[in-house]
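First the structure, in the form of structure tokens, and then the observations on it.
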Amino acid sequence: MTEQEITDTPELETAPPAPSSEPAVAEARLAMSAEQEPEPRRQRGSWKRRALGKSKAESPGNDRLLRFGLLALVLFAPLTMGGVHFLPALLLPLLALALATYALHCHWEKGLHLGLVGVLLGAWVLVTALQLVPLPFGLVQTLSPNAAASYQQTYGLLGESPGWVPLSVSPSRTAIALWTVLGLFAVYVTAFLHFRTRHRFAWVLEGLLAVALLFGFASLLQTGLYKTSILGFFPIDHLAATRLKTPLLNSNHAAAFFGAMSPIALGLALASNNTWRRATFIVFYILLSGFMFMCESRGAMLAWLLSHLVFWFVSRDKANQSRLVSIVVVLGMLLAIAAAAYVGHRELDVRVQDFANGVEGVTNELERDTDGTEAIDILEANIAQAKSTVRLEKVAVYRDLPRILSDYPLVGIGRGAFGDLYPAYSTQGLPGTFRHVENEPLELLVEYGVFFGLLFLIIMGLTLVRWLTQSDWREAERPLAAGLLTALTFLTVQNLFDFNLRYIGLGFLFALCAGVVAGRRTRYLQVRREHRTRKMARGDEESQIPKTLLEQFSFPTMVVTLAVVGLSTFVALGNISNAKRGANDDDVVALRLVVDKMEPTFNPEQARKEFLATARAVLISRPVDGHLTFLVGLGLLRTGHGGAEVAEPWLETARTLTPADYRVHLLLGRVLATQGRFDAAAKSFAAAAALHRGVSRDVLKSAAEVLPTVKNLELSLTEDPAEWTLLGAELIRGRRFAEALELGDFLDREHPDHPEGIDLQIRTLVALGIPEGAADLIDDMVERFGDLPATFKRKAELALTRKDYRAADAALEEGLEHHPGDTQLLLARVDLLLGPGRHLFDDDITWRHNVEVTFVGLRSTPLSNTAVRFQYQFTRGRFLAMVEEYRAALTAFESAHQLARNNLAAMRMIVDMDLKLGELDRAETMIQKLSKVVSKDETAELLRRLDAEVKAAPSKRLSNPMNTGLGDGRDLEK
Numbered sequence: 004m005t006e007q008e009i010t011d012t013p014e015l016e017t018a019p020p021a022p023s024s025e026p027a028v029a030e031a032r033l034a035m036s037a038e039q040e041p042e043p044r045r046q047r048g049s050w051k052r053r054a055l056g057k058s059k060a061e062s063p064g065n066d067r068l069l070r071f072g073l074l075a076l077v078l079f080a081p082l083t084m085g086g087v088h089f090l091p092a093l094l095l096p097l098l099a100l101a102l103a104t105y106a107l108h109c110h111w112e113k114g115l116h117l118g119l120v121g122v123l124l125g126a127w128v129l130v131t132a133l134q135l136v137p138l139p140f141g142l143v144q145t146l147s148p149n150a151a152a153s154y155q156q157t158y159g160l161l162g163e164s165p166g167w168v169p170l171s172v173s174p175s176r177t178a179i180a181l182w183t184v185l186g187l188f189a190v191y192v193t194a195f196l197h198f199r200t201r202h203r204f205a206w207v208l209e210g211l212l213a214v215a216l217l218f219g220f221a222s223l224l225q226t227g228l229y230k231t232s233i234l235g236f237f238p239i240d241h242l243a244a245t246r247l248k249t250p251l252l253n254s255n256h257a258a259a260f261f262g263a264m265s266p267i268a269l270g271l272a273l274a275s276n277n278t279w280r281r282a283t284f285i286v287f288y289i290l291l292s293g294f295m296f297m298c299e300s301r302g303a304m305l306a307w308l309l310s311h312l313v314f315w316f317v318s319r320d321k322a323n324q325s326r327l328v329s330i331v332v333v334l335g336m337l338l339a340i341a342a343a344a345y346v347g348h349r350e351l352d353v354r355v356q357d358f359a360n361g362v363e364g365v366t367n368e369l370e371r372d373t374d375g376t377e378a379i380d381i382l383e384a385n386i387a388q389a390k391s392t393v394r395l396e397k398v399a400v401y402r403d404l405p406r407i408l409s410d411y412p413l414v415g416i417g418r419g420a421f422g423d424l425y426p427a428y429s430t431q432g433l434p435g436t437f438r439h440v441e442n443e444p445l446e447l448l449v450e451y452g453v454f455f456g457l458l459f460l461i462i463m464g465l466t467l468v469r470w471l472t473q474s475d476w477r478e479a480e481r482p483l484a485a486g487l488l489t490a491l492t493f494l495t496v497q498n499l500f501d502f503n504l505r506y507i508g509l510g511f512l513f514a515l516c517a518g519v520v521a522g523r524r525t526r527y528l529q530v531r532r533e534h535r536t537r538k539m540a541r542g543d544e545e546s547q548i549p550k551t552l553l554e555q556f557s558f559p560t561m562v563v564t565l566a567v568v569g570l571s572t573f574v575a576l577g578n579i580s581n582a583k584r585g586a587n588d589d590d591v592v593a594l595r596l597v598v599d600k601m602e603p604t605f606n607p608e609q610a611r612k613e614f615l616a617t618a619r620a621v622l623i624s625r626p627v628d629g630h631l632t633f634l635v636g637l638g639l640l641r642t643g644h645g646g647a648e649v650a651e652p653w654l655e656t657a658r659t660l661t662p663a664d665y666r667v668h669l670l671l672g673r674v675l676a677t678q679g680r681f682d683a684a685a686k687s688f689a690a691a692a693a694l695h696r697g698v699s700r701d702v703l704k705s706a707a708e709v710l711p712t713v714k715n716l717e718l719s720l721t722e723d724p725a726e727w728t729l730l731g732a733e734l735i736r737g738r739r740f741a742e743a744l745e746l747g748d749f750l751d752r753e754h755p756d757h758p759e760g761i762d763l764q765i766r767t768l769v770a771l772g773i774p775e776g777a778a779d780l781i782d783d784m785v786e787r788f789g790d791l792p793a794t795f796k797r798k799a800e801l802a803l804t805r806k807d808y809r810a811a812d813a814a815l816e817e818g819l820e821h822h823p824g825d826t827q828l829l830l831a832r833v834d835l836l837l838g839p840g841r842h843l844f845d846d847d848i849t850w851r852h853n854v855e856v857t858f859v860g861l862r863s864t865p866l867s868n869t870a871v872r873f874q875y876q877f878t879r880g881r882f883l884a885m886v887e888e889y890r891a892a893l894t895a896f897e898s899a900h901q902l903a904r905n906n907l908a909a910m911r912m913i914v915d916m917d918l919k920l921g922e923l924d925r926a927e928t929m930i931q932k933l934s935k936v937v938s939k940d941e942t943a944e945l946l947r948r949l950d951a952e953v954k955a956a957p958s959k960r961l962s963n964p965m966n967t968g969l970g971d972g973r974d975l976e977k
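Numbering (the working numbering), first residue to last: 4 to 977.
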């Protein structure tokens, strides 16, 4: 008999292996007859089914609807970006609930039994819904004092008293999370009810494999054709920087999807007796594993490695194929170790370089009109900060969790609320926003409290271990069960490093696999009980298998579970508006637009009332979101007279909720300075500068502008010498020379081992035009600190004040002899040669040779820093434009623009090059972008130039030769 015939035969699908003895044969036949004879059931449905004695559950049409419905949910969940947006996150769980309702309708007559996992999922739904139900404020104070304090604080800022409030500290996040939990319950129930009957088992695995392959080919299509949208439908800003780009925006989630599907293909291969089918499934297994590795997720690789051990453990009793399984497991482990080591080394190196060099801060600081020496000042500070240490973010987050658990031990913070609450507990000053712990068990403990969190994790963990250790799987189903259990294990292990089960893209797959396994285990137990019953009826001495406590009360348990899920569905429907806020942040975006458009009015009190009325619903739905509170404070500040006094308590609250956000400290410092509280403002500026990654020029510029005395400026200083240099530069730029000299003297006295103090005094004297004093200090600097790069740069600046360009160039050349490859000196020399130093050479050939030699020195220096790369590309573009290689210059300026999207200098140069090359359409597009940020006069001048080029275009030759210029190949990928 072929494998196809075996899987299509209902009698053999659930029958035990054929015994050899005669009594055993009779026993097996008795068991098969027990499975074939239907239990008494109500007669319903069409007259044909009633005549044949069949139930509605055995209808082929119903089978197809349930099976294809499950597979469609598993397919469309990842194709819609995993359900991260509101519509798919709402519609797909609703469809899953409808499918589960139909499955209950079809299988009601079987004697409904949802299993232990089903009851646990129902309890999960109930607890999540209870977090959204408004309760009296006094009761919330008893159950969760810190949650009550958060609501009291928000209502107090609004001038109201709290009434009925929910337990969740972020109801909008919990509302959208409730729909995900409902969807998981519905998928599990449908799969459990469907596969606890005699229906074909292998079919669903083949369907899952088809779903995985479809998603894989959709990912290949996404990688090759679509860069700014998901398969041409959903516009997006960016895709994951991995070899395979998928509709699941998070590459870790995509890797988990493929990694969970690959052992299912391996199980189908081992279950097949046909050589060609087995070879086909092995190819699919290799293909899906390759897709997983292309997603470059180290956590998925580790989970893939460990799950193969599980596959070998579950399928080890299949003796004739154990060698193939062992070979696949060993090769898979070696491949996973090698790939994880390669990707881990590469990714860790990139992240360490990015964070150490302050990429985030530098990119922000270059988002302005800076070039020449001003950008070099920023560059110097950033290079100095490259020596800062780097922490591992996830481990740092784990360290902060005990504090959250101690504050919310009983009922937790609410499902999905971690991202709003965590900034208040962050002690690491990490960049970015952490929406999740990236460890699902730990996040469950935080969200639901210690009691329910531990109960849920223990029951689910013990259930999975029990499924893995039970060895009574039928031989025909053992490889298939191994594939499903390995997929469950993979997703469980991978969620120790990720959070993909809280989205339907992976959650539906997990629930389906769990439902199928639980359904088959229930069917096994049912067949054994029917077998024992017939033996006892025959007179054989055999005891019946005792029922568990859950089975004894299956009907009331089922009724209670379905009732609480139904009530929870009504709670979810009542919080749809909150769910939309939690999924898309539409209200937050709308509030931000309102703040951006706000201007001082003649009636500021009325403007504040209207603004707070607009923000009220968003604030109450996310009372611990510090960013939202900061946004409201900023809006109040912009209402005009008296705005600072009204905004201060909001900003103080925002500082409490997001103590690691430098923007809050910066704005609060400005507000305090307007009130004359300069010492407090200076401390706030110091905190902002310490928190800012990379260059904190905004902070130092504000301090230099609003702090009146050197004593205040001293309070604003951090321990970073690079910040001292920038603060001095801002004082000089603001022509506060007396304060700059006094600050330099203070730094030199307090920190005699650092050259920044005397260097600031030199720069101030140079700016004041006192070369003699600057020269004496330079000699003193050389005597104390030796030949530092800054020494030669100050000598060059001193020569420039005397307009002695040859001496300036000589000083820079001498510095490069002592410090070859120093980026500061190389960029300073290029800046000099492209400016007044050009006239030092007798002809353009010699000048060009010297510039190119300097660029060669820059090319030989690793430019791992965003600011360095920007300065390099911008300076290179200036040089190419000067030698009339406009095409190559345009390429360089576009590279600089890629590194700093809103840098006005780069945008202006792109317009200039486009006009010179006759690229009028591109020039017009860039002028439109510039018009939003530059003055009307400048926009009018650019449009005038564009009109002149348009009129002259028919008579001009636009076929400029393709110039290559400096073909250094230094693109953005380096």
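Just so it is clear, CB atoms sit at the ideal spot from N, CA and C, and this is done for glycine as well.
Predicted model only: the values in this text are computed from it and were never measured.
- Query: Which runs of the beta strand (DSSP E) spanning at least 3 residues fall entirely within the stretch 692 to 750, listed in chain order?
  - Reply: You should have found no qualifying run.
- By DSSP, does V886 sit in helix, in strand, or in coil? Coil, per DSSP.
- Taking Cβ to Cβ, would you say L107 is nearer than 8 Å to L196? Yes, Cβ-Cβ distance for L107 and L196 is below 8 Å.
- Item | Validate contact between the stretch 205 to 212 and the stretch 227 to 234 using beta carbons, cut 8 Å, 3 pairs | Contact fails: fewer than three Cβ-Cβ distances are below 8 Å.
- Task: Measure the CB-CB distance between A303 and M295 and report whether it falls below 8 Å.
- Result: Yes.
- Item | Counted within 10 angstroms of its Cβ, other Cβ atoms place N853 as buried (16 or more) or exposed | N853 is buried by the Cβ-count criterion.
- Query: Thinking C-alpha only, which one of M561, T495, V833 is nearest L117?
  - Reply: Nearest option by C-alpha distance: M561.
- In its own chain, which residues sit with a C-beta less than 8 Å from the C-beta of L829, not counting the 5 before and 5 after it? L819, T857, G860, L861, T864, listed in sequence order.
- Item | Range of the contiguous alpha helix (DSSP H) that encloses N255 | 254 to 274 is the extent of the alpha helix (DSSP H) around N255.
- Relative to the C-alpha of P139, which residue among A150, P169, K932 is closest? The option with the nearest alpha carbon to P139 is P169.
- Thinking C-beta only, is K932 closer than 8 Å to M916? No, these two residues do not count as a Cβ contact at 8 Å.
- Would you call the stretch 487 to 501 and the stretch 260 to 279 in contact, with 3 or more CB pairs under 8 Å? The stretch 487 to 501, when compared against the stretch 260 to 279, does touch it at the 8 Å Cβ threshold.
- Whose CA, out of D762, L791, P792, lies closest to the CA of D779? For the options D762, L791, P792, the alpha carbon positioned closest to that of D779 is the one of D762.
- Query: Among residues of its own chain, excluding the 5 on either side of I285, which ones have a beta-carbon nearer than 6 Å to its beta-carbon?
  - Reply: Listed in chain order, the non-local C-beta contacts of I285 below 6 Å within the same chain comprise A272, local neighbours out to five positions each way being set aside.
- Name the two residues that bound the continuous alpha helix (DSSP H) containing Y808. Looking at the DSSP string, the run of the alpha helix (DSSP H) that includes Y808 is 808 to 821.
- Residue from V184, R666, R619 whose Cα sits closest to the Cα of L97: Comparing alpha-carbon positions, the option among V184, R666, R619 lying closest to L97 turns out to be V184.
- Query: What residues match up with I233 in a beta bridge as DSSP calls it?
  - Reply: F237.
- Task: Just grab the DSSP bridge partners of W167 for me.
- Result: W167 pairs with P139.
- Query: Can you give the beta carbon distance from A892 to G880, rounded, assuming they're within the 8 Å contact cut?
  - Reply: That belief holds up - the Cβ atoms of A892 and G880 are roughly 5 Å apart, short of 8 Å.
- Spatial neighbours of I930 within its chain, please: CB distance less than 8 Å, with the 5 preceding and 5 following residues excluded, ordered by chain position. The residues are V914, T942, L945, L946, L949.
- Message: For R394 and L146, I'd like the C-alpha separation in whole angstroms.
- Response: Annotation note: pLDDT 42 at R394 (below 50); position unreliable, coordinate value reported separately. Approximately 36 Å between the Cα atoms of the pair.
- Where H842 falls, given that 16 or more other Cβ within 10 Å makes a residue buried: Exposed, since its Cβ has fewer than 16 Cβ neighbours within 10 Å.
- Kindly list the residues whose CB is nearer than 8 Å to the CB of D352, restricted to its own chain and excluding five residues on each side of it in sequence; keep chain order. Unreliable positioning characterises D352 in this predicted model, as indicated by a pLDDT of 42, which lies under 50. A coordinate reading is not provided.
- Query: When the Cα of V568 is compared with those of G186, C109, H534, P148, which residue comes out closest?
  - Reply: The residue with the shortest Cα to Cα distance from V568 is G186.
- Task: Give me the Cα-Cα distance between K919 and R904, rounded to the nearest whole angstrom.
- Result: Roughly 22 Å between the two C-alpha positions.
- Task: Using three-state DSSP, classify C516 as helix, strand or coil.
- Result: C516: helix per DSSP, three-state reduction.
- Query: Taking all protein chains shown into account, do 16 or more other C-beta atoms lie within 10 angstroms of the C-beta of E753, making it buried, or fewer, making it exposed?
  - Reply: Counting the other CB atoms within 10 Å of its CB gives E753 a total below 16, which places it among the exposed residues.
- Query: According to DSSP, is Y425 helix, strand or coil?
  - Reply: It is helical.
- On a CA-only basis, which of P626, G747, Y401 is nearest I765? Give me that one, please. Answer by Cα proximity: G747.
- Message: Using 8 Å as the threshold, is the C-beta distance between F873 and L837 below it?
- Response: Between F873 and L837, the CB-CB gap reaches or exceeds 8 Å.
- Selected residue, minimal CA-CA separation from L95, among L504, R281, L76, T721: Nearest C-alpha to L95: L76.
- Message: S624 and S175 - do their beta-carbons sit closer together than 8 Å?
- Response: Yes, they are a contact pair.
- Find out if the Cβ-Cβ distance for the pair W653, V635 is shorter than 8 Å. In this structure, W653 lies near V635, with their beta-carbon atoms less than 8 Å apart.
- Item | Short Cβ contact (8 Å threshold) for T131 with L93 | It is not a contact, given that the beta carbons lie outside the stated cut-off.
- Any idea if W727 is buried or exposed, counting beta-carbon neighbours within 10 angstroms, 16 or more meaning buried? If you draw a 10 Å sphere on the C-beta of W727, you find 16 or more other C-beta atoms in it, and that means buried.
- Query: Going straight from the alpha carbon of L815 to that of H821, what length do you get?
  - Reply: Rounded to whole angstroms, L815 to H821 spans 10 Å at the Cα level.
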